[in-house]
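Chemist: Per numbering that gives the first Met the number 0, residue 0 is the first one in the sequence shown, and the count goes up by one each step.
Here a beta-carbon is modelled for each residue, glycine too, at the ideal position from N, C-alpha and C.
Note that the structure is predicted; figures quoted are calculated from it, not measured.
First the structure, then my questions, so here it is.
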Amino acid sequence: MSVIIRETSGKKRVIVLTKGADATVLPVLSTDFCSSDHGEDVIFNAQEHLSMYAKEGLRTLCLSMKVWSEEEYSEWKEKHEEAELDMLDRENLLAESTIRAEKDLELLGVTAIEDRLQDGVPECIHSLREAGIRVWVLTGDKVETAVNIAYSSRLFSPSMDLLNIGANGVRSVSDLLDEYLKRLARAQEVSSDAGDSFGLVLNAATMSYCLDPHNLERFVRLLRGCRSVLCCRATPLQKAQLVSLAKNQLKGKVLAIGDGANDVSMIQGADVGVGLSGQEGMQAVMSSDFAMARFRFLSTLLLVHGHWNYYRLAQTILYFFYKNAMLVFVIFWYQIFNGFSAQVPIDPVYLMVYNLLFTSVPPLLYGCLDQDASSELLIECPKLYEQGRLGKRYRWYSFWINIIDAIWQSLVVFFVCYLTYQNTDVDMWTFGHLLVTQLTIVNTFHLALFVQYWTWPMFWSMFLSVLSFFICALLYNGFVTANWTWTNVKDPPSMVSLKSFSSLEFLDGSCHLCRALFD
Numbered sequence: 000m001s002v003i004i005r006e007t008s009g010k011k012r013v014i015v016l017t018k019g020a021d022a023t024v025l026p027v028l029s030t031d032f033c034s035s036d037h038g039e040d041v042i043f044n045a046q047e048h049l050s051m052y053a054k055e056g057l058r059t060l061c062l063s064m065k066v067w068s069e070e071e072y073s074e075w076k077e078k079h080e081e082a083e084l085d086m087l088d089r090e091n092l093l094a095e096s097t098i099r100a101e102k103d104l105e106l107l108g109v110t111a112i113e114d115r116l117q118d119g120v121p122e123c124i125h126s127l128r129e130a131g132i133r134v135w136v137l138t139g140d141k142v143e144t145a146v147n148i149a150y151s152s153r154l155f156s157p158s159m160d161l162l163n164i165g166a167n168g169v170r171s172v173s174d175l176l177d178e179y180l181k182r183l184a185r186a187q188e189v190s191s192d193a194g195d196s197f198g199l200v201l202n203a204a205t206m207s208y209c210l211d212p213h214n215l216e217r218f219v220r221l222l223r224g225c226r227s228v229l230c231c232r233a234t235p236l237q238k239a240q241l242v243s244l245a246k247n248q249l250k251g252k253v254l255a256i257g258d259g260a261n262d263v264s265m266i267q268g269a270d271v272g273v274g275l276s277g278q279e280g281m282q283a284v285m286s287s288d289f290a291m292a293r294f295r296f297l298s299t300l301l302l303v304h305g306h307w308n309y310y311r312l313a314q315t316i317l318y319f320f321y322k323n324a325m326l327v328f329v330i331f332w333y334q335i336f337n338g339f340s341a342q343v344p345i346d347p348v349y350l351m352v353y354n355l356l357f358t359s360v361p362p363l364l365y366g367c368l369d370q371d372a373s374s375e376l377l378i379e380c381p382k383l384y385e386q387g388r389l390g391k392r393y394r395w396y397s398f399w400i401n402i403i404d405a406i407w408q409s410l411v412v413f414f415v416c417y418l419t420y421q422n423t424d425v426d427m428w429t430f431g432h433l434l435v436t437q438l439t440i441v442n443t444f445h446l447a448l449f450v451q452y453w454t455w456p457m458f459w460s461m462f463l464s465v466l467s468f469f470i471c472a473l474l475y476n477g478f479v480t481a482n483w484t485w486t487n488v489k490d491p492p493s494m495v496s497l498k499s500f501s502s503l504e505f506l507d508g509s510c511h512l513c514r515a516l517f518d
């Protein structure tokens, strides 16, 4: 970053002041300055201090300047204003204008600041790694600074073997990739978990060679074999490229977290973007899916809420399949006894409100509130996250087991109702009324058996769902249908509820159903 100032007194010189990383500032220093004795001493001392500061984990910057004559400044300003007004190639022209301003500089010195890790960052990264999540750190810091921070944040462990790709050129990087892949293969012959003991370190210049089509396949294999990856001096574009690589080549689900404007492209390219609010501004937060104030909250977001949401979603989907399959198969068993006439014994109104009212609220609350483990346990045991990461709760066979369970329960419900009214002159509507009553009760109690975290809303939703069925049945059959004209129906469904609820057969069927399902 550069600023251009003019002195208010004295010679009123135009001065360009530039700050940046040593990798960007040192290459654009003036040739005359670098060849002078003073310049050589300044550069030598600066590099020594940069190395010393980086090993201490400090973040460093180089400060430089140059003086423009009035003619040089006027010429640059004129071209810069033309670039700002250009409508076709504005970005490239502005970039060229910036390059003209930030060249032929003189090094002034270096700065170092302590950028301490937030509280809980090492513990958070350790928990994520214990959960089987691969953690990559993409930073703009020097290699020495980044490695030091990686150790302090527990991204790297002291026992980890670091693979540093520091070569220049496509061929040299290719040879280095082959060497590291052989080391990885030898380690995997000894232990299948050998990849956990390797960490990969690369810089921005090296990454461009690794992404070359000649090296890409080997680079992907190396990334897959390393537990942790540290990319230094990464530009915003390179961060986005690594995110795309993880999604498309490694076939992984990617969460990107950042706090600055240079992280926006990475956050937007990930499957899930998390922005940290802080001193770096709000650009990352505005571009993210989730926003948080501290990095350590990431473990709660993933290990707790991520686990709960996967569990709730899997269980709720299975339950919806179950209760609808049960309704369909109850009607199917009825077709066997009426010559497959497609006549449905259940009143159409009940069929419409079955999913809308009688069995809707409990599964929704179940999918929002249920917990298979406490938040404290999920934080203490990160490996429980593997249930969601590996999809253990919702496999292809889970669906079929659920459907088989629904078929079995539909058989029990139908034949208990059938045997209850066997050898009687009961009409179709009364038989169907018993069916839908038992379906509602069985579905509700089936869900209650799977609830692991009981709350008052959960309890009352189940109680009121069953109660609402009886109230609606009495209102509908007792008061509404009695006033309708049923011209084409021999036995209209009026007063069916009152007759059913007061009959001994209804009570007997309910008792037998409870014994059949829960004994």
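Can you have a look at Gln451 and say buried or exposed, based on whether 16 or more other CB atoms are within 10 angstroms of its CB?
Modeler: exposed
Chemist: Closer than 7 Å by C-beta to Ala372: which residues in its own chain qualify, once you throw out the five before and the five after it? Chain order, please.
Modeler: Spatial neighbours of Ala372 in its own chain (CB-CB distance under 7 Å, excluding positions within 5 residues in sequence) are listed in chain order as Leu383.
Chemist: Alpha carbon to alpha carbon, how far is Phe294 from Gly119? Give it in angstroms, no decimals.
Modeler: 8 Å
Chemist: Quick one: what's got a C-beta closer than 7 Å to Thr205's C-beta in the same chain, skipping five residues either side?
Modeler: Ile164, Gly165, Ala166, Val172
Chemist: Residues in the same chain with beta-carbon distance under 8 Å from Phe320, minus the five sequence neighbours each way, listed in chain order, please.
Modeler: Phe398, Asn401, Ile402, Ala405
Chemist: Please list, in chain order, all residues of the same chain as Ala378 whose beta carbon is under 8 Å from its beta carbon, the five residues on each side excluded.
Modeler: According to the sequence displayed, residue 378 carries Ile and not Ala. Here the set comprises Ser126, Ser298, Thr299, Leu302, Val303.
Chemist: DSSP state of Ile256, grouped into three classes?
Modeler: strand
Chemist: Please confirm if the region 334–341 is in contact with the region 452–465, defined as three or more CB-CB distances below 8 Å between the two stretches.
Modeler: no
Chemist: Just reading off the beta strand (DSSP E) that Met64 is part of, what are its end residues?
Modeler: Taken as a continuous stretch (DSSP letters only), the beta strand (DSSP E) holding Met64 covers 58–67.
Chemist: Within its chain, find whatever has a CB closer than 6 Å to the CB of Asn261; leave out the 5 residues flanking it on each side and keep chain order.
Modeler: Excluding residues within five positions, the ones whose Cβ falls inside 6 Å are Pro235.
Chemist: Taking buried to mean at least 16 other C-beta atoms within 10 Å of its own C-beta, is Ser227 buried or exposed?
Modeler: buried
Chemist: Using the C-alpha atoms, what's the distance from Cys231 back to Arg394?
Modeler: 39 Å
Chemist: Please specify which runs of the alpha helix (DSSP H), each continuous and at least 4 residues long, are wholly inside the region 265–311, giving them in chain order.
Modeler: 282–285
Chemist: Between which two residues does the alpha helix (DSSP H) carrying Glu122 extend?
Modeler: 120–129
Chemist: Kindly list the residues whose CB is nearer than 6 Å to the CB of Phe409, restricted to its own chain and excluding five residues on each side of it in sequence; keep chain order.
Modeler: Per the sequence shown, residue 409 should be read as Ser rather than Phe. For Ser409, same chain residues with a beta-carbon under 6 Å away, outside a window of 5 residues either side, are Met325, Phe328, Val329 in chain order.
Chemist: In the structure shown, what three-state DSSP assignment does Asn44 receive?
Modeler: helix
Chemist: With a CB to CB cut of under 7 Å and the five nearest residues on each side skipped, what residues in its chain are close to Thr439?
Modeler: Phe357, Thr358, Val465, Phe468
Chemist: Look up Cys230 in the DSSP assignment and give the residues it is bridged to.
Modeler: Leu137, Leu201
Chemist: Taking just the CA atoms, how far does Ser35 sit from Cys61?
Modeler: 19 Å
Chemist: Closest to Ser29 by C-alpha separation, out of Lys102, Thr97, Glu385, Ser50, would be which residue?
Modeler: Lys102
Chemist: Grouping DSSP H, G and I as helix and E and B as strand, with all else coil, what is Glu101?
Modeler: coil
Chemist: Per the DSSP calculation, Leu162 is bridged to which residue(s)?
Modeler: Leu199
Chemist: Kindly list the residues whose CB is nearer than 8 Å to the CB of Phe155, restricted to its own chain and excluding five residues on each side of it in sequence; keep chain order.
Modeler: Within the same chain, Phe155 has close Cβ partners Val146, Ala149, Leu161, Gly198, Ser227, Leu229.
Chemist: Whose C-alpha, out of Gly277, Val495, Phe413, Gln342, is nearest the C-alpha of Gln117?
Modeler: Gly277
Chemist: Determine the DSSP secondary structure at Lys556, reduced to helix, strand or coil.
Modeler: The structure shown does not extend to residue 556, since the chain spans only 0 to 518, so no value can be given for it.
Chemist: Which of the three DSSP states, helix, strand or coil, is assigned to Leu84?
Modeler: helix
Chemist: How close, in whole Å, do the beta carbons of Leu16 and Val27 come, if the pair is a contact with beta carbons under 8 Å?
Modeler: About 14 Å; that fails the 8 Å criterion.
Chemist: To the nearest whole angstrom, what separates the beta carbons of Ser63 and Leu106, a pair I think is in contact under 8 Å?
Modeler: 5 Å
Chemist: Tell me whether the beta-carbon of Arg388 lies closer than 7 Å to the beta-carbon of Ala313.
Modeler: no
Chemist: Should Arg89 be labelled buried (16 or more other beta-carbon atoms within 10 Å of its own) or exposed?
Modeler: exposed
Chemist: Could you check whether Val242 and Ala233 sit closer than 7 Å to each other, using their CB atoms as the reference points?
Modeler: no
Chemist: Looking at C-alpha atoms only, which residue of Met457, Glu129, Asp21 is the closest neighbour of Pro361?
Modeler: Met457
Chemist: Based on Cα-Cα distance, which residue from Lys65, Ala53, Ser8 lies nearest to Val24?
Modeler: Considering only alpha carbons, the answer is Lys65.
Chemist: Are the Cβ atoms of Gln248 and Val273 separated by less than 7 Å?
Modeler: Going by C-beta atoms, Gln248 is not nearer than 7 Å to Val273.
Chemist: Please classify Cys416: is it buried, with 16 or more other beta-carbons within 10 angstroms of its beta-carbon, or exposed?
Modeler: buried
Chemist: By the three-class DSSP mapping on this structure, what secondary structure does Leu389 have?
Modeler: coil
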